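**Student:** Going letter by letter, the sequence shown gives residues 32 to 256 in the numbering used here. Note that CB positions come from ideal geometry on N, CA and C, so glycine has one too. Source: prediction; values computed, not measured. One structure, pasted below without further comment.
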Amino acid sequence: MTNPMGLAKKLKGMIMISKKMHSDRNAIPFPVSLKHLLSEVDVSSAFLTSLKLLYDEMDRKYQQAASYYGFVCNGCEDNCCRSQFYHHTLVEYLYLHKGFRTLPEKMRQETMDRARDVYQRLASETEKPALIMCPLNENGRCILYLYRPMICRLHGIPHELRKPGTWVQHHPGCKAFHDRLKSLPYFRFDRTPFYLKLAYLEKTFRDKIGNTERIRLTVAEMLLV
Ligand code: SF4
Numbered sequence: 032m033t034n035p036m037g038l039a040k041k042l043k044g045m046i047m048i049s050k051k052m053h054s055d056r057n058a059i060p061f062p063v064s065l066k067h068l069l070s071e072v073d074v075s076s077a078f079l080t081s082l083k084l085l086y087d088e089m090d091r092k093y094q095q096a097a098s099y100y101g102f103v104c105n106g107c108e109d110n111c112c113r114s115q116f117y118h119h120t121l122v123e124y125l126y127l128h129k130g131f132r133t134l135p136e137k138m139r140q141e142t143m144d145r146a147r148d149v150y151q152r153l154a155s156e157t158e159k160p161a162l163i164m165c166p167l168n169e170n171g172r173c174i175l176y177l178y179r180p181m182i183c184r185l186h187g188i189p190h191e192l193r194k195p196g197t198w199v200q201h202h203p204g205c206k207a208f209h210d211r212l213k214s215l216p217y218f219r220f221d222r223t224p225f226y227l228k229l230a231y232l233e234k235t236f237r238d239k240i241g242n243t244e245r246i247r248l249t250v251a252e253m254l255l256v
């Protein structure tokens, strides 16, 4: 097991490198691998086990709501895997890589090629975020479905968020949901407990390794960093 303080120091350095690259989007991405650093973390740690349990909880709640609506996410023209969501937690980053390591070598190589391509296409976009397929999507399916981040799990159905000191915010479902099912009464789906639990887990992990740097990465970047 890696010394947490040593890991924290290296992690801080790696994130600074990552930030520099983000400020120069046309540079050849990621000359140093954060994966190498993070491979030193024991992937079977309690943090990743806790994250898996939290993901299971999200999946159960999502399935309840989806069943109520009769909503099945079965690929659509407006595929949310083209949305380039940003992810902000190191525990999710680690968990995604835990899954990535289970893929056959050839599939990993192909995925990394796609990730580089996505990164470079995004770097060349000057206006609104482009709709570019996530490198983990192969033939319409997520090849790391069991390891996909929180936002991928919760997307699609209408939900609410309760930020302290504000009104409850209601958000509609995705376009496919809206087109087919918008007339159905709302099934209460509150994302707040999931966000809070993930934030707490992340904070506990960061406290352990002594790191508070913010990260904001697409899936392509999570693979490349
Ligand atoms: S990680 Fe999987 S579910 Fe999420 S955007 Fe990529 S392909 Fe889609």
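Classify V15 as buried or exposed, calling it buried when 16 or more other Cβ atoms lie within 10 Å of its own Cβ.
**Tutor:** Not covered by the structure: residue 15. The range shown for the chain is 32 to 256.
**Student:** When you compare the CB positions of R145 and H190, do they come within less than 8 angstroms of one another, or not?
**Tutor:** Not closer than 8 angstroms, so no.
**Student:** Give the straight-line distance between the Cα atoms of T249 and Y117, rounded to the nearest whole angstrom.
**Tutor:** Straight-line Cα distance between these residues: approximately 5 angstroms.
**Student:** Cβ-heavy atom distance between V250 and the ligand SF4 below 7 angstroms?
**Tutor:** V250: yes, Cβ under 7 angstroms from the ligand SF4.
**Student:** Considering Cα atoms alone, identify which of L167, Y226, C111 and Q94 is closest to E252.
**Tutor:** Measuring from the Cα of E252, the nearest candidate turns out to be L167.
**Student:** Would you list, in sequence order, the uninterrupted beta strand (DSSP E) runs of no fewer than 3 residues that lie entirely inside the region 120-187?
**Tutor:** Those beta strand (DSSP E) runs which fall completely within the region 120-187 and span 3+ residues do not exist here.
**Student:** Is R179 close to the ligand SF4? I mean its beta-carbon at under 7 angstroms from any heavy atom of the ligand.
**Tutor:** Yes; taking the cut-off as 7 angstroms, the Cβ of R179 has a heavy atom of the ligand SF4 nearer than that.
**Student:** Given a cut-off of 8 angstroms, decide if E123 and P180 are closer than it, judged by their beta-carbon atoms.
**Tutor:** Yes; because the gap between Cβ atoms is below 8 angstroms, this pair is in contact.
**Student:** Can you tell me whether F236 is buried or exposed, with buried defined as 16 or more other CB within 10 angstroms of its CB?
**Tutor:** That one is buried.
**Student:** Could you tell me the alpha carbon to alpha carbon distance between R139 and R113, rounded to whole angstroms?
**Tutor:** Taking the straight line joining both Cα atoms gives about 20 angstroms.
**Student:** Hey, would you say the C-beta of L215 is under 7 angstroms away from at least one heavy atom of the ligand SF4?
**Tutor:** No, the Cβ of L215 stays beyond 7 angstroms of every heavy atom of the ligand SF4.
**Student:** Give the secondary structure of E252 by DSSP, where H, G and I count as helix, E and B as strand, and everything else as coil.
**Tutor:** Correct three-state label for E252: helix.
**Student:** Please name the residue in T142, Y217, G171 and I188 whose C-alpha comes closest to that of N110.
**Tutor:** For the residues T142, Y217, G171 and I188, the minimum Cα distance to N110 belongs to G171.
**Student:** What would DSSP say about L192, mapped onto helix, strand or coil?
**Tutor:** Looking at L192 - three-state DSSP - the assignment turns out to be strand.
**Student:** Quick check on Q115: buried or exposed, where buried means 16 or more other Cβ atoms within 10 Å of its Cβ?
**Tutor:** Answer is buried; the Cβ neighbour count reaches 16.
**Student:** Determine the extent of the beta strand (DSSP E) in which Q200 is found, giving its start and end residues.
**Tutor:** Looking at the DSSP string, the run of the beta strand (DSSP E) that includes Q200 is Q200 to H202.
**Student:** By Cβ distance below 7 angstroms, which residues in the same chain neighbour D55 in space, the five residues on each side in sequence not counted?
**Tutor:** Because the pLDDT of D55 is 41, which lies under 50, any placement of that residue in the model is unreliable, and the number read from its coordinates should be weighed accordingly. Cβ neighbours of D55 beyond the five flanking positions: none.
**Student:** Is the beta carbon of L229 closer than 8 angstroms to that of T120?
**Tutor:** Contact flag set, yes.
**Student:** Taking only heavy atoms of the ligand SF4 into account, decide whether any of them is closer than 7 angstroms to the Cβ of L79.
**Tutor:** Outside the cutoff, so no.
**Student:** What do you get for L82, buried or exposed, if any count of 16 or more other CB atoms within 10 angstroms of its CB means buried?
**Tutor:** By the 10 Å Cβ count, L82 comes out buried.
**Student:** Going by the CB atoms, is the gap between K206 and Q200 shorter than 8 angstroms?
**Tutor:** No, these two residues do not count as a Cβ contact at 8 angstroms.
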